[in-house]
Amino acid sequence: MKVRRRMAFHFTYQLIIYSVFLLVAVLVFFMFLYNHMSNNEIKRNFPAGALDSIISETYYQNGVVTLPDHWKKFIAEHQVWLQVVDENGKVIFDMNTKAMQPHAYSAAELLTISDSGQYGHFAVETAFDLTYSSPILFMLGYETEQLELLKGWFDRYQKNGLVAEEHLSDLHAQLQEVGSTLTIIDRMGKIIQRVGEASTDSSVQSYAPLEVLAMRQAPGEFDAAITVYQHDGRSPTWIVRAPMDPGALKQQPVIVDIIRLFVAIGAVILLLSIGITMWHGYRYGQPLIMFTGWFERMEQGQYEEVLTARDRRRVFRKNGKLRLHYRLYREVIQSFYRMAEKLAQTEKDRAELEKTREEWMSGISHDLRTPLSAIQGYGYILESPSSEWNREELREMGRVIREKGDYMLELVTDFSHVYQLKHHSEAVERQELELGELIRRAVLKYVNDATLIGYEFVYEDDKLPIPIVGHATWLHRLMDNLLSNAVNHNRPGITITVTSGMLGGEPYIRVADNGQGMDEETSRKLFDRYYRGTNTEQSSAGSGLGMSIAKMIVEAHHGRIEVRSTLGTGTEIGIYFATTSS
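Oh and the sequence shown: position 99 is 99 in the UniProt record's numbering, straight run, nothing missing.
The structure is reproduced here in structure tokens:
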């Protein structure tokens with residue numbers, strides 16, 4: 001039940017995340033809608049409100065101006081022209097210009113255009129882009145009927161820059177027809193004449209320097225369309241103010257209908273989301289609950305029953321293929337099977353290891369008890385005050401005590417080597433060695449051993465150096481274990497032949513004897529820890545770890561060890577090292 005509650009919480013949390021995502025989508029939608037409305041507003045106020053957008057989206061590098069395609073299309077549709085001028089007055093980009101327009105401007109021409117806001121019969125909007133290392137000037141020109149009308153009035157009715165007295169009534173009537181008013185200001189912004197302003201606030205006596213510019217660039221803020229004309233830089237400025245159609249200015253998209261539609265779509269998406277979430281909960285939840293049962297059975301060690309018969313019917317078809325509902329978890333199910341098999345094998349290995357460990361402890365306890373009993377017995381004899389022993393008897397007792405002590409020391413030393421090879425083999429420092437010389441010295445030690453009368457040792461090599469990277473002490477111990485094993489498990493009169501060289505690019509050692517050999521079981525268990533063969537009539541000497549240590553030494557040098565033996569014909573042990581032993 002806890003698992004189900006947690007899963008219910010998980011998928012509820014998933015629904016919350018999906019709802020948050022939906023909310024973000026709504027916000028993005030409204031941002032898109034706002035951007036769309038802003039673009040429409042730019043179109044309605046074009047060209048005054050569009051020049052800044054053109055500048056922000058235009059790219060300039062190495063004297064080349066790149067204008068986005070949608071602005072090129074927009075300029076063409078609105079019958080306007082665009083020129084970009086560099087700091088030297090040269091036109092570096094133009095579009096939709098007329099043949100009479102120049103390809104370079106003087107400073108005086110640019111100042112006049114900027115001050116008057118016109119060039120010829122065109123109204124011109126100008127703006128600088130100071131983003132780059134050198135400034136560039138954008139000029140957007142367009143024709144307006146109001147401007148042409150205003151210029152016509154100026155040409156017919158002006159006198160000394162003002163409307164002549166004899167033409168005031170005519171101009172007033174024309175202004176009344178179009179619902180406009182005329183204001184004439186001097187260079188300081190002071191109103192010096194009004195025509196057709198009966199309905200306007202006559203208390204305004206002047207305009208601030210930027211006020212006229214603001215009215216012209218953003219007429220929607222003043223509910224009027226502003227047309228400005230200045231004949232030259234010294235003459236008064238004529239300003240015609242015409243009321244804008246409120247519907248044209250304030251008309252917006254039918255946003256209420258859009259919102260209703262979007263809310264309806266959002267509700268449908270939300271319902272679909274709930275349905276999909278419930279379906280996901282069933283699709284993903286059921287397998288997860290089943291996996292939880294698998295884990296519980298694995299925790300209890302039931303590796304053979306991880307997948308019950310009911311689970312098998314639920315997961316697999318009769319033909320053995322996964323059901324469609326579980327194909328998403330194909331790798332998971334396969335991994336469970338492999339993991340269960342490995343855990344089952346690990347459990348078997350652990351039981352085998354425990355059995356081996358118990359055998360070790362039993363064998364070691366037995367082997368230690370025997371020499372300790374002998375040492376203890378001779379100790380009791382020697383401390384007895386009533387006993388007198390001659391020199392030969394004392395020497396024999398000392399010899400037995402020494403041999404038993406040596407045996408115990410060998411046993412402890414072998415256990416120390418096993419631990420070191422098992423846990424610290426990679427940390428031991430190695431060096432470059434000449435394997436042939438090392439083996440020759442190891443064999444020579446046995447040749448010169450006077451206690452090994454009846455055993456013949458032969459060393460053969462190919463007279464070429466055998467380079468290897470390894471640990472000299474361990475390799476000497478390896479040879480000692482192999483040679484002493486051949487001696488301890490064979491009677492005198494045999495020949496032990498040691499060979500070394502290179503075979504297939506690998507350094508090798510071969511130790512062979514013509515002794516009594518081993519049976520198949522002994523050969524198979526020769527390198528098991530604490531295993532001693534029973535094919536000799538002598539008592540089993542040694543700790544039973546010698547060949548196991550030999551194998552561990554070879555593996556620590558990234559090599560391999562092989563044994564071939566037949567009863568009555570002798571034994572051959574081959575060792576092969578990798579060329580990059582480390």
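Backbone N, C-alpha and C define an ideal beta-carbon position, used for all residues, glycine too. Model, not experiment: these values are computed from the prediction.
Across the structure, Tyr459 and Leu526 are spaced so that their CA atoms are roughly 24 Å apart. Annotation for Ser523: Val563, Ser565 place their beta carbon closer than 7 Å to its own, counting only its chain and skipping 5 residues before and after. Secondary structure note for Asp513: it is in no alpha helix (DSSP H), and the uninterrupted beta strand (DSSP E) holding it is 506–513. Using a 10 angstroms sphere on the CB of Asp449, the tally of other CB atoms stays under 16, which defines it as exposed. Counting along the chain, Tyr59 sits inside no alpha helix (DSSP H); it lies in the beta strand (DSSP E) bounded by residues 59–61. Cβ-Cβ distances below 7 Å link Leu482 to Val511, Ala550, Ile573 in the same chain, with the five nearest sequence neighbours on each side left out; the list follows chain order. In summary, Met188 is exposed, with fewer than 16 beta-carbon neighbours lying within 10 Å of its beta-carbon over all protein chains present. Assigned with DSSP and collapsed to three states, Arg323 falls in coil, not helix or strand. Straight through space, the alpha carbons of Glu432 and Leu503 are spaced by roughly 19 Å.
For Ile439, the enclosing alpha helix (DSSP H) covers residues 435–447. DSSP places Met95 inside the beta strand (DSSP E), whose first and last residues are 91–95. In the three-state reduction of the DSSP assignment, Val204 falls in the coil class, being assigned neither a helical nor a strand state.
Cβ neighbours of Trp153 within its own chain (closer than 7 Å, five residues either side excluded): Leu171. When C-alpha distances from Phe128 are compared across Gln118, Phe122, Leu140, the shortest belongs to Leu140. DSSP, read as helix, strand or coil, puts Lys73 in helix. Listed in chain order, the non-local C-beta contacts of Ile274 below 8 Å within the same chain comprise Leu15, local neighbours out to five positions each way being set aside. No Cβ-Cβ contact shorter than 8 Å links Gly493 with Pro465. In the DSSP annotation of this structure, the continuous segment of the beta strand (DSSP E) that includes Trp81 starts and ends at 81–85. By the criterion of at least three beta-carbon pairs nearer than 8 Å, the segment 57–69 is in contact with the segment 92–106.
Judged by their CB atoms, Asn488 and Gln516 are not nearer to each other than the 8 Å cut-off. Val64 and Val84 do not touch by the CB rule: their CB atoms are close to 10 Å apart, not below 8 Å. Pairing Ala264 with Ala104, the inter-Cα distance amounts to about 57 Å.
The residue among Met397, Tyr326, Ala340 with its C-alpha nearest the C-alpha of Gln300 is Ala340.
Put simply, of Met100, Pro102, Leu147 the residue whose alpha carbon is nearest the alpha carbon of Ser116 is Leu147.
Around the C-beta of Arg477, 16 or more other C-beta atoms lie within 10 Å, and the residue is accordingly described as buried. In the DSSP assignment, Gln176 falls within the alpha helix (DSSP H) that extends over 168–178. Rounded to the nearest angstrom, the gap between the Cα atoms of His557 and Arg440 is 19 Å. In chain order, Ser19, Leu22 place their CB closer than 8 Å to the CB of Leu270, counting only its own chain and leaving out the 5 sequence neighbours on each side. Membership of Phe457 in the beta strand (DSSP E) is indicated by the continuous run 456–460. DSSP, read as helix, strand or coil, puts Pro371 in helix.
One alpha carbon belongs to Glu456, the other to Thr346, and they sit about 46 Å apart. Between Arg297 and the set Phe29, Arg317, Glu331, Ala344, the nearest pair of CA atoms involves Ala344. The Cβ neighbour count for Tyr380, taken over all protein chains shown within 10 Å, is under 16; the residue is labelled exposed. Arg317 sits in coil when the DSSP states are folded into three classes, being neither helix nor strand. Under the DSSP definition of a beta bridge, Ile561 partners with Ile575. In the three-state DSSP reduction, Phe128 falls in the strand class (E or B).
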